[in-house]
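In this note's numbering, the protein residues as written are 29 to 194.
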């Protein structure tokens, strides 16, 4: 079969990644990073083995637990109702902008998301980050992070940026 790859390299053999990057410690670094990733995922991810079809009671209980967990992560119990409505409005407007323009630089002035005190972090969990960004923008962000692409966060509020990584 004819492939253009040999012609693009002028007949030269393929070069190793170590010779392309001129980094002799590349494989050791990649191995260490991958081993850490496996260890971190192993300690954070859990698996629950359920045998047989779940009963209706089990499904209802799992749904209630998921709803309670989502609600407790999304809103702090100490916030007032009117504070919640203004934050929800800001989050909806911002996530709409993110979906339309797919530009992560739009998070530049999100200090109003901090709530009344302003001292708590903006993103409390990955689920909350997904709620703020919207599911399509969050999927795009997660894809780029998992693929190892560089993701640049720009914002005037340093707490916003730090909360995304904490």
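Every residue gets a Cβ at the ideal spot worked out from N, C-alpha and C, and that includes glycine. Remember, predicted model here, so these are calculated numbers, not experimental data.
- The beta-carbon separation of residue 192 and residue 151, rounded to 5 Å, stays under the 8 Å limit for a contact.
- Each residue's CA atom was taken as its position, placing residue 184 and residue 43 some 43 Å apart.
- For residue 166 and residue 158, the gap between their C-alpha atoms comes out near 5 Å.
- If you compare the alpha carbons of 90, 41 and 68 with that of residue 76, the shortest gap goes to 90.
- Residue 96 and residue 74 have their C-alpha atoms spaced approximately 19 Å apart.
- Around the C-beta of residue 80, fewer than 16 other C-beta atoms lie within 10 Å, and the residue is accordingly described as exposed.
- For residue 160, the enclosing alpha helix (DSSP H) stretches over residues 154-161.
- With respect to residue 46, residue 58 sits apart: the two C-beta atoms are not nearer than 7 Å.
- By the Cβ neighbour-count rule, residue 187 is buried, with 16 or more other Cβ atoms within 10 Å of its own.
- Each residue's CA atom was taken as its position, placing residue 156 and residue 98 some 8 Å apart.
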